[in-house]
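What follows is a set of notes on a single structure, which appears directly below.
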Amino acid sequence: MGTAYNVAVGANKLVNDHKQKNLDEGKLHYRKQRYIEYNQRILKNLDNSQRTELVKYKMEINQFIQQIDAEENDELRTKKPLHNKRRKNWKSLLVQIDAKLKTKDYQEYLKIHGNSEYISTYFEGFEVNVNTFKKIIENKNPEELTTFLVKQTNMTTTIINEDFFIN
Numbered sequence: 001m002g003t004a005y006n007v008a009v010g011a012n013k014l015v016n017d018h019k020q021k022n023l024d025e026g027k028l029h030y031r032k033q034r035y036i037e038y039n040q041r042i043l044k045n046l047d048n049s050q051r052t053e054l055v056k057y058k059m060e061i062n063q064f065i066q067q068i069d070a071e072e073n074d075e076l077r078t079k080k081p082l083h084n085k086r087r088k089n090w091k092s093l094l095v096q097i098d099a100k101l102k103t104k105d106y107q108e109y110l111k112i113h114g115n116s117e118y119i120s121t122y123f124e125g126f127e128v129n130v131n132t133f134k135k136i137i138e139n140k141n142p143e144e145l146t147t148f149l150v151k152q153t154n155m156t157t158t159i160i161n162e163d164f165f166i167n
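Quick note on numbering: UniProt numbering labels position 10 of the sequence shown as 10, and the sequence is numbered without any gaps.
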């Protein structure tokens, strides 16, 4: 039993070493390299990402999913499980990034609502969103504010009403 375990551990180490060597030498497919980068670096730094970066990540992942769908349509049915696994992996990343995007948007809107002088570096490049939000605040229309925030952040009206002190 111990010998079989040692062989399995040794084989696993060889496979991992081979994968790392291919990654280091740039022999992996670009999408695979990006997937590894998302898991090892990007997901860990989502808290520090600006909105432009999060939107870029989201767009890139959507393009990868479209590529996988196109490949699946062009190739044999025998590869369908492989494409399904790849699609599932990318969609898992997309869900995490989209959730972070919505959460950070909500946090920034809270800061802006609490201090009209607050300047958001997170929304740099998306000033239209901020200006629209500020106009809604100036109009003092709670329904419009709630509708905007639900659409932008996917938060529930109950949470929004509590956090933004809307009756």
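Every residue gets a Cβ at the ideal spot worked out from N, C-alpha and C, and that includes glycine.
It should be emphasised that the depicted structure is a prediction, and the values quoted were computed from it without experimental measurement.
Check: Among ASN161, LYS58, PHE64, LYS134, nearest to THR29 - alpha-carbon criterion; Outcome: Here the sequence assigns His to residue 29, which means Thr is not the residue at that position. Considering only alpha carbons, the answer is PHE64.
Check: Whether TYR106 touches THR153 by CB criterion (8 angstroms); Outcome: yes
Check: Own chain, CB closer than 8 angstroms to TYR109, minus 5 neighbours either side, in chain order; Outcome: PHE133, LEU149, GLN152, THR153
Check: Cβ neighbours of LYS100 in the same chain (closer than 8 angstroms, five flanking residues each side left out); Outcome: LEU46, ASP47, SER49, LEU54
Check: Where PHE165 sits in the DSSP three-state scheme; Outcome: coil
Check: Beta-carbon spacing of ILE159, THR146 below 8 angstroms; Outcome: no
Check: Opening and closing residue of the alpha helix (DSSP H) in which TYR122 lies; Outcome: Counting along the chain, TYR122 falls outside any alpha helix (DSSP H), and DSSP gives it neither H nor E.
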